[in-house]
Amino acid sequence: MLSVFRASASGMSTNQTQLDVISNNLANINTPGFKASRVQFSELLYHRITPPGEYGTLPTMSPLTLSASTWVGAGVRSESTQQVFTNGSLQRTDNPLDVAIQGDGFFIVELDEDLVGYSRDGSFTVDAEGVLRTKSGYRVLPEVVVPAGVTDIQIDEAGIVYAEIGDPATTIQIGELQLARFTNPNGLLPVGDNLLLATVASGQAEVGYPASEGFGQTLGGNLEMSNVDIADQMTTMIMAQRAYSLSARSLQTLDEMLGMANNLRR
Amino acid sequence: MIRGFYAAAAGMVAQLTRQEVVANNLANVNTPGFKRDVTPLIAGRELPTAGDFHGTLSVASRTGSHRWFIGTVGTGSLVDQSIPDLSQGPLRQTGNELDLALHGDAHFIVQGYAGETLYTRVGSFSRDGEGRLVSPEGFLLVGQEGPIVLPPGEVRVDEDGAVLLDGQVVDQIKLTAFAPDTPYRKVGFNVFVPEDPDEAPLEQVSVLVKQGYLEGSNVDPAESMTEMMSIMRAYEANQRILQMQDQALERAVNDLGRV
Chain Z
1 MLSVFRASAS
11 GMSTNQTQLD
21 VISNNLANIN
31 TPGFKASRVQ
41 FSELLYHRIT
51 PPGEYGTLPT
61 MSPLTLSAST
71 WVGAGVRSES
81 TQQVFTNGSL
91 QRTDNPLDVA
101 IQGDGFFIVE
111 LDEDLVGYSR
121 DGSFTVDAEG
131 VLRTKSGYRV
141 LPEVVVPAGV
151 TDIQIDEAGI
161 VYAEIGDPAT
171 TIQIGELQLA
181 RFTNPNGLLP
191 VGDNLLLATV
201 ASGQAEVGYP
211 ASEGFGQTLG
221 GNLEMSNVDI
231 ADQMTTMIMA
241 QRAYSLSARS
251 LQTLDEMLGM
261 ANNLRR
Chain S
1 MIRGFYAAAA
11 GMVAQLTRQE
21 VVANNLANVN
31 TPGFKRDVTP
41 LIAGRELPTA
51 GDFHGTLSVA
61 SRTGSHRWFI
71 GTVGTGSLVD
81 QSIPDLSQGP
91 LRQTGNELDL
101 ALHGDAHFIV
111 QGYAGETLYT
121 RVGSFSRDGE
131 GRLVSPEGFL
141 LVGQEGPIVL
151 PPGEVRVDED
161 GAVLLDGQVV
171 DQIKLTAFAP
181 DTPYRKVGFN
191 VFVPEDPDEA
201 PLEQVSVLVK
211 QGYLEGSNVD
221 PAESMTEMMS
231 IMRAYEANQR
241 ILQMQDQALE
251 RAVNDLGRV
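Chain order of the listed sequences is Z and S.
Taking the working numbering, the leading residue of the first sequence gets 1, the next gets one more, and so forth.
Taking the working numbering, the leading residue of the second sequence gets 1, the next gets one more, and so forth.
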């Protein structure tokens, strides 16, 4: 008997997941490099409740032929949540260590001795030894060291890091940022701190220089903000709310009907 | 009187089945490409009914007793089948490069996990680790030369299904339609299969492929809610008549037979 409630229950829980994803998107609207997620809905398996064919074989009865089987679905589920990799908006920060990527590619970050992470968040800092690191303290690869006495830093669209040093000021190149790109960025695994890990689903990282073929450009003094589109999220939220209440209503109706069946005989 | 029980019970069972289908339709109101099901009813078979009179009114009948054929009584209703309604769902712009919506009567062809051919309306594709275009369930999108593989690059899809990578045509999406009376059914996972596996779908289709859009479900909430109300009242009416049958029988058993 509980199987009749399955479809409605699945409708409610899947739309609840949609609301959870939207909440997370909206919570991260100001997170640099954040990419909005969306839920992929998928139908659940159908099961047959009447086989086709004839019913009634007694000669005095006219045969009853059902045209075809009746298949009843079991509802819906969220197949996956997919990140949407469109460019976020650019915010000028005038912090020379902030870098935004416009186009494809991720910054490469060393998480551990042999573990590399990827990120779109370019809000970098330097540590006590002048090593360029992310806000969480991970080293940016390839390593960039800012020597003492630097008065200004510029990062151009090819990822080359220039520093002004000395008096009179001369410009030297102190490093070159690289980007990694993937066949399927949706397959990257988010691990928090705006960091992503490569997986089988994302494919191997392909490393290259910014502004080269297939890679985006780097923009110093800017940060790429989230790509969360409020209007889109609000619309999706309203749709999810309505769908939730439709499934709740259908659950109530089924419940009332079964209540009537229970009360056939008091 | 027992036949009355069966007719009312059959009515209740049929309405409950219809409600299950409506519940599934509503659960999938936000599933892209979902096609709602409709459940037509047919009347149960008609059974011959004999009148039973003793005494002077008896007339020679087929059975030779004091009973004769006075007509037929139906045995309720049944759900004939569940049919997907293939009408077009609304198109919603998402702006994603690999979201494709079909406007017209056609399906994408996708390959299942064991290589089997499946048909779907859902167009939210992405690349897998090897660059193949996959649906969210992991089915491969099929082009003219088999599954479509796209290395990284800017993808454009024309309205006739041509796939361009960085400006060069690399493949053509295979689109087909079912002939009007082909029986097919939904299996789940947003795909259809024809009932007859040898049935070859049509090649010539008139359909537009819209990149950056997703087709929503064709479930109309107002219509579904109305249907749900009518189902519930029909169920309630059947319940009442069943209760009356029960009361009449109770009278016959307990009151008439009282010594």
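Ideal placement from N, C-alpha and C gives every residue a C-beta, glycine not left out.
Two segments are said to touch when three or more pairs of C-beta atoms, one from each, lie closer than 8 Å; by this definition the segment 81-88 of chain Z does not touch the segment 253-261 of chain Z. In its chain, beyond the 5 residues on either side, I22, N25 and L26 have a beta carbon closer than 7 Å to the beta carbon of Q233 (chain Z).
At a beta-carbon threshold of 7 Å, the residues of chain S lying near S250 (chain Z) are V22, A23, L26 and M228, ordered along the chain. Nearest CB-CB separation between S77 (chain S) and chain Z: not below the 9 Å threshold. For D20 (chain Z), the enclosing alpha helix (DSSP H) stretches over residues S3 to A27.
Contact annotation: the segment 97-110 of chain Z does not touch the segment 226-241 of chain Z, with fewer than three C-beta pairs closer than 8 Å. Nearest CB-CB separation between T50 (chain Z) and chain S: below the 9 Å threshold.
Within chain Z, the residues T183, N184 and G203 have their CB atoms less than 9 Å from the CB of E130 (chain S), given in chain order. For E43 (chain Z), the three-state secondary structure derived from DSSP is strand. In the structure shown, L175 (chain S) adopts extended strand secondary structure according to DSSP, grouped into three states. A distance below 9 Å separates the beta carbons of G89 (chain S) and K35 (chain S). Following the DSSP letters along the chain, one finds L223 (chain Z) inside the beta strand (DSSP E) bounded by residues N222 to E224.
Interface annotation for the segment 68-84 of chain Z against chain S: A68, S69, T70, W71, V72, G73, A74, G75, V76, E79, S80, Q82 and V84, criterion Cβ-Cβ distance under 8 Å. By the C-beta density criterion, H47 (chain Z) is exposed, having fewer than 16 other C-beta atoms within 10 angstroms. Out of Z:I238, Z:G221 and Z:V146, the CA that lies nearest to the CA of Q91 (chain Z) is found in Z:G221. Neighbourhood of Q217 (chain Z) in chain S, by CB distance below 7 Å: empty, with the nearest CB roughly 15 Å away.
Taking L251 (chain Z) as the centre and dropping the five residues before and after it, the same chain places the C-beta of F5, S8, A9 and M12 closer than 8 Å to its C-beta, in chain order. When secondary structure is reduced to three states using DSSP, E250 (chain S) falls in the helix class. Closest in alpha carbon position to G129 (chain S), among Z:P190, Z:R38, Z:A163 and Z:S202, is Z:S202.
Every beta strand (DSSP E) stretch that sits fully inside the segment 174-221 of chain Z and reaches 3 residues is listed by chain position as 179-181, 189-192, 195-197, 206-208 and 217-220.
Between A106 (chain S) and A177 (chain S), the C-beta spacing is below 9 Å. In the three-state DSSP reduction, V13 (chain S) falls in the helix class (H, G or I). Using a Cβ-Cβ cut-off of 9 Å, S126 (chain S) counts as an interface residue toward chain Z, since at least one Cβ of chain Z sits closer than that to its own. In this structure, R127 (chain S) keeps its C-beta atom at 9 Å or more from the C-beta atom of L118 (chain S). Around Y46 (chain Z), the beta-carbon contacts reaching into chain S at under 8 Å are R185, K186, V187 and G188. D80 (chain S) carries a coil assignment under DSSP once its states are collapsed to helix, strand and coil.
From the listed residues S:N218, S:A234, S:R233 and S:S230, the smallest Cα separation to S87 (chain S) is found for S:N218.
Against T117 (chain S), chain Z offers no close residue; the least beta-carbon distance is about 18 Å (beta-carbon pairs closer than 8 Å).
By the Cβ rule, the segment 184-193 of chain S does not count as touching the segment 166-174 of chain S, because fewer than three pairs are nearer than 8 Å. Within the same chain, Cβ atoms closer than 6 Å to the Cβ of A240 (chain Z) are found at N15, Q18 and L19, the five residues on either side in sequence being excluded. For I148 (chain S), the three-state secondary structure derived from DSSP is coil. Between A114 (chain S) and E137 (chain S), the alpha-carbon positions lie close to 13 Å from each other.
It is roughly 17 Å from the alpha-carbon of D94 (chain Z) to the alpha-carbon of G33 (chain Z). Cβ-Cβ distances below 6 Å link S89 (chain Z) to M225 in the same chain, with the five nearest sequence neighbours on each side left out; the list follows chain order.
Residue nearest to T170 (chain Z) within the set Z:D152, Z:L141 and Z:P96 is Z:D152 (criterion: CA-CA distance).
Comparing alpha-carbon positions, the option among S:I42, S:N28 and S:T31 lying closest to G11 (chain S) turns out to be S:I42.
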